[in-house]
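Number of protein chains: 2
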Amino acid sequence: MRKTKRATIVDVARMAEVSAKTVSRVVNNEPHVTEAVKTRVHEAMRALRYHPNVAAQGLVRSRSYLIGLVYEKPSPSYVVELQKGALERLHGERFRLVVLPVESVTEREDEIIALLRSAALDAVLLAPPASDHAGLMAELREVGMPFARISPTRLLGQGPSVAMDDVAAAQEAAEHLIALGHRRIGVIKGDPSHAAADARLVGTMQALAKAGIPLRTEMIESGLFTFDSGLIAARRLLALDPPPTAILAQNDDMAAATMAAARERGLHVPEDLSVVGFDDSDISRVVWPPLTTIRQPVEEMAYKAMDMLLHVLKSEPGQGPELGDVQLAHELLIRRSTAPPKAD
Amino acid sequence: MRKTKRATIVDVARMAEVSAKTVSRVVNNEPHVTEAVKTRVHEAMRALRYHPNVAAQGLVRSRSYLIGLVYEKPSPSYVVELQKGALERLHGERFRLVVLPVESVTEREDEIIALLRSAALDAVLLAPPASDHAGLMAELREVGMPFARISPTRLLGQGPSVAMDDVAAAQEAAEHLIALGHRRIGVIKGDPSHAAADARLVGTMQALAKAGIPLRTEMIESGLFTFDSGLIAARRLLALDPPPTAILAQNDDMAAATMAAARERGLHVPEDLSVVGFDDSDISRVVWPPLTTIRQPVEEMAYKAMDMLLHVLKSEPGQGPELGDVQLAHELLIRRSTAPPKAD
DNA sequence: TTGTACGCGTTATCAG
DNA sequence: CTGATAACGCGTACAA
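Those protein sequence lines, which keep their order, are chains C and U. First residue of the first sequence: -4, per our numbering; consecutive thereafter. First residue of the second sequence: -4, per our numbering; consecutive thereafter.
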């Protein structure tokens, strides 16, 4: 009832005594408008509290100014950093971020495509494991929807992406343990549907091989990047005879679970068991002792990926240099969860 | 170049040999369409991979099918649960969620209003502390943008909201400590700009008053709901002489920090110091010992708030029963961070 | 420098 | 039950 209709460009034009087109020019900062007119229009806009109707703009420009963020039930800290980075880059831009968590990219590919199409997105940011899904990328290319990928491990050279070197990072983490004197090193892998899990395992194995340490299969357990899955995996590793003197978990949540499992058995970290995590998420600083971990610059990766996406969106189609695969630096953060093993 | 234009309603109409309006009827499940025609249209839609253009729909219906979520730098676990609840309710609906983290609601009210208007949202979900901001609510009402509030503490009866009883919850937590025999109880308040911080303090003081325990001002420290702020506050409390035997932190992040501060001083939890948190966030289960805490049903609150918002959006304006202020139950979860105080 | 006519894709109105 | 026509608010192409 009381809901007064929003002012349109015509209302502004009438008030400023110009044509609608001129208002449009002012709104979009187009040249060829006298300062005097510009001022008049601005005043009218303010008086009427005018805001362009995005739907109408989108209709003629075929743009929605919406960018989707696709991710699949990762750890909370990961999602938050992802969003933080993406949103930071979007600050001051006209684009808005639509969050699109999906159940399982591999299971229902068409559903996801339908979702993206009906959501009328201008572009999407693909977080793992969607960022490694060839079918999804093909579909996106077919419908002409630009995308940028975060932490892809395969199919590089197919458009903008931002990643870190998971292999090298895992290798460094393992080398740290080896340098401390550890020989019996257990590994808790992450979700098998994330290719990063394999990459990190490869890095670990390379470090062990270089040191001439055989890695027995019973020293490798698989988790799902969650605390609970890590707990189960850690319990199994600690039940081995002899148990590992160090455990390398592929993310911080599972590393925290490993510390909890150690406590269950009366083991002290790091005296009886060294633990290394991955990600440098909040959790790594909250647990005791603070976790030695690999800093994965998730926020920066999201920022950079969004930056590349905006580049694509703003350059004329077919124009501009092809954006490639960017790699950001990681860092081994040695804190207090690792120490030399006890003498046997 | 190759980017084929999307099929429009007219293309479908041509293929199905009907008028555009009929296709529209089928798309929107309107009555008065023969089954035969309906089938023909559906076939054409599938063949052309037709998806309605949301911008065009939005233009004539003056709807964007976008719902905003406004929040202000809260803890990661809180944001994630908030989004989870909101998105779960949105599942299967046409509406999409746009995330709108803001710097400070109080500082730049007009900026936020401008943001909401230009973002062309159909409605917004207000999380604390925006949910307590009278000016913001007034503005939203003026531009006719429906909103629902999460955890408001003031200005009730002004539209749909979902909350829990912070006063009663804090009181229960304090009573638990008192029942264990604690008399020297420290409090770490949350961000002063969140009204919940005051409510929780009131509850704590009520419990203490009932037990005839005086609460000295030096036993109250203020934090910002973050781990780091909690660390500083906890250090000050533990430096008191005599120090508290129990500390009640107003969220789990600060409670975890309290445990870390205790360790710094060689104190054991819960033998030397009992710690109670608030929220039952992931962090409460990850730390050791697991935190005694108040379960705040954030996800359910967001779900319910979104549900009410959709009700408003779907009912004709001015019609339908006024939606009120809903209160969800909290729960004291007694875990292992609380125990009777040592005999002095 | 400014204005006019038209179209973007969809739905509402009202006629058939 | 179905279809023609006119909006919705804005930008493009072109003219003045």
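In this text, a Cβ means the ideal position worked out from N, Cα and C, and glycines have one as well. Computed from a predicted structure; not experimentally measured.
Residue i, enclosing beta strand (DSSP E) - first and last residue
i: Thr34 (chain U); result: Per DSSP, Thr34 (chain U) belongs to no beta strand (DSSP E); it is in the alpha helix (DSSP H), 30 to 43.
i: Ala143 (chain U); result: 142 to 145
i: Met354 (chain C); result: Outside the shown range of chain C (-4 to 339) lies residue 354 (chain C), about which nothing can therefore be said.
i: Ser217 (chain U); result: 215 to 217
i: Gly181 (chain C); result: 180 to 184
i: Ser224 (chain C); result: It is not in any beta strand (DSSP E) - Ser224 (chain C) instead sits in the alpha helix (DSSP H) that spans 222 to 233.
i: Arg91 (chain U); result: 91 to 96
i: Glu63 (chain C); result: Sequence inspection shows Gly at residue 63 (chain C); the Glu mentioned does not correspond to that position. Segment 61 to 66, the beta strand (DSSP E) holding Gly63 (chain C).
i: Ala244 (chain U); result: 241 to 244
i: Ser269 (chain U); result: 269 to 271
Contact set for residue i: own chain, Cβ-Cβ below 6 Å, skip 5 residues either direction
i: Ser409 (chain U); result: In the structure as shown, chain U begins at -4 and stops at 339. Residue 409 (chain U) is therefore absent and cannot be evaluated.
i: Val94 (chain U); result: Leu64
i: Ser188 (chain U); result: Pro124
i: Met(-4) (chain C); result: Interpretation of Met(-4) (chain C) is limited by its pLDDT of 31, a score under 50 that renders its predicted location unreliable; the figure taken from the coordinates is listed afterwards. Correct list: empty, nothing qualifies.
i: Arg20 (chain U); result: Val28
i: Ser276 (chain U); result: Ser72, Asp247
i: Arg1 (chain U); result: none
i: Met40 (chain U); result: Val7
i: Thr3 (chain C); result: none
i: Asp161 (chain C); result: Ala191, Ala194, Arg195
i: Glu353 (chain U); result: With chain U covering only -4 through 339, there is no way to say anything about residue 353 (chain U).
Run of the alpha helix (DSSP H) containing residue i, from where it starts to where it stops
i: Tyr298 (chain C); result: 293 to 309
i: Asp320 (chain C); result: From DSSP, Asp320 (chain C) is part of no alpha helix (DSSP H) but of the beta strand (DSSP E) over 320 to 323.
i: Leu121 (chain U); result: Where Leu121 (chain U) is concerned, there is no enclosing alpha helix (DSSP H), although the beta strand (DSSP E) it sits in stretches over 118 to 121.
i: Ser71 (chain U); result: Correcting the residue type first, residue 71 (chain U) is Pro in the shown sequence and not Ser. It spans 71 to 85 - the alpha helix (DSSP H) in which Pro71 (chain U) sits, taken as one unbroken run.
i: Ala252 (chain U); result: 247 to 259
i: Val55 (chain C); result: 49 to 56
i: Thr288 (chain C); result: That residue, Thr288 (chain C), is in no alpha helix (DSSP H); its beta strand (DSSP E) goes 288 to 290.
i: Arg5 (chain C); result: Contrary to the premise, residue 5 (chain C) reads as Val rather than Arg in this sequence. Val5 (chain C) -> alpha helix (DSSP H) spans 4 to 11.
i: Glu106 (chain C); result: 104 to 113
i: Leu151 (chain U); result: From DSSP, Leu151 (chain U) is part of no alpha helix (DSSP H); its letter is neither H nor E.
i: Leu203 (chain C); result: 190 to 205
Residues near residue i in its chain [Cβ-Cβ closer than 8 Å; skip 5 each side]
i: Leu164 (chain C); result: The residue asked about is misnamed: residue 164 (chain C) is Ala in this sequence, not Leu. Contacts found: Arg195, Gly198, Phe273, Ile289, Gln291, His325, Leu327.
i: Ser57 (chain C); result: none
i: Leu385 (chain U); result: Beyond the ends of chain U as shown, which are -4 and 339, falls residue 385 (chain U); an answer cannot be given.
i: Val13 (chain U); result: Val32, Arg35, Val36
i: Val321 (chain C); result: Pro155, Ser156, Val157, Ala158, Lys299, Met303
i: Gln166 (chain C); result: Gly198, Thr199, Gln201, Ala202
i: Arg231 (chain C); result: Glu216
i: Gln340 (chain C); result: The displayed coordinates of chain C run from -4 to 339. Any statement about residue 340 (chain C) would go beyond what the structure contains.
Whole-angstrom C-beta distance between residue j and residue i, which should lie under 8 Å
i: Ile227 (chain U); j: Arg178 (chain U); result: 25 Å between Cβ atoms; not a contact.
i: Ile242 (chain C); j: Ile183 (chain C); result: 6 Å
i: Leu304 (chain C); j: Ile62 (chain C); result: 7 Å
i: Ala257 (chain U); j: Leu268 (chain U); result: 5 Å
i: Ala115 (chain U); j: Ala334 (chain C); result: With a Cβ gap of about 56 Å, Ala115 (chain U) and Ala334 (chain C) do not count as contacting.
i: Pro147 (chain U); j: Ser126 (chain U); result: 4 Å
i: Arg331 (chain U); j: Pro284 (chain U); result: 4 Å
i: Val119 (chain C); j: Leu110 (chain C); result: About 10 Å separates the two Cβ atoms, so there is no contact after all.
i: Val270 (chain U); j: Ala250 (chain U); result: 5 Å
i: Val75 (chain U); j: Val74 (chain C); result: 6 Å
i: Pro239 (chain C); j: Gly319 (chain C); result: About 40 Å separates the two Cβ atoms, so there is no contact after all.
i: Ala11 (chain U); j: Val36 (chain U); result: 5 Å
i: Leu131 (chain C); j: Glu104 (chain C); result: 6 Å
i: Glu67 (chain C); j: Val97 (chain C); result: 5 Å
7 Å CB neighbourhood of residue i in its chain, flanking five on each side removed
i: Gly176 (chain C); result: Pro335, Pro336
i: Leu308 (chain U); result: Asp117, Ala118, Pro141
i: Arg149 (chain U); result: Asp127, Ala190
i: Pro237 (chain U); result: Arg179
i: Glu213 (chain C); result: Leu235
Taking contact to mean at least 3 C-beta pairs separated by less than 8 Å, is the stretch 131 to 141 of chain C in contact with the stretch 198 to 207 of chain C?
no
Does the stretch 218 to 230 of chain U come close enough to the stretch 168 to 180 of chain U to have 3 or more Cβ pairs within less than 8 Å?
no
What residues in the stretch 211 to 223 of chain C bring their beta carbon closer than 8 Å to a beta carbon of chain U?
Phe222
Short-range partners of chain U found in the stretch 90 to 124 of chain C, where Cβ spacing is below 7 Å
Arg91, Leu92, Val93, Val94, Pro96, Arg112, Ser113, Ala114, Ala115
Assess contact between the stretch 256 to 266 of chain C and the stretch 72 to 85 of chain C, defined as three or more Cβ pairs (one per stretch) separated by less than 8 Å. Is contact present?
no
If contact is defined by three or more beta carbon pairs under 8 Å, each pair taking one atom from either stretch, is the stretch 31 to 45 of chain U in contact with the stretch 2 to 19 of chain U?
yes
Residues in the stretch 256 to 287 of chain C having any Cβ partner in chain U nearer than 8 Å
Arg258, Asp277, Ile278, Arg280, Val281, Val282, Trp283
So if I threshold CB-CB distances at 8 Å, which residues from the stretch 45 to 56 of chain C count as touching chain U?
His46, Pro47, Asn48, Val49, Ala50, Ala51, Gly53, Leu54
Using a Cβ-Cβ cutoff of 7 Å, what residues of the stretch 56 to 77 of chain U are near chain C? List them in chain order.
Ser59, Pro71, Ser72, Val74, Val75
Looking at chain U, which residues of the stretch 230 to 252 of chain C have a Cβ within less than 7 Å of any of its Cβ atoms?
Ala251
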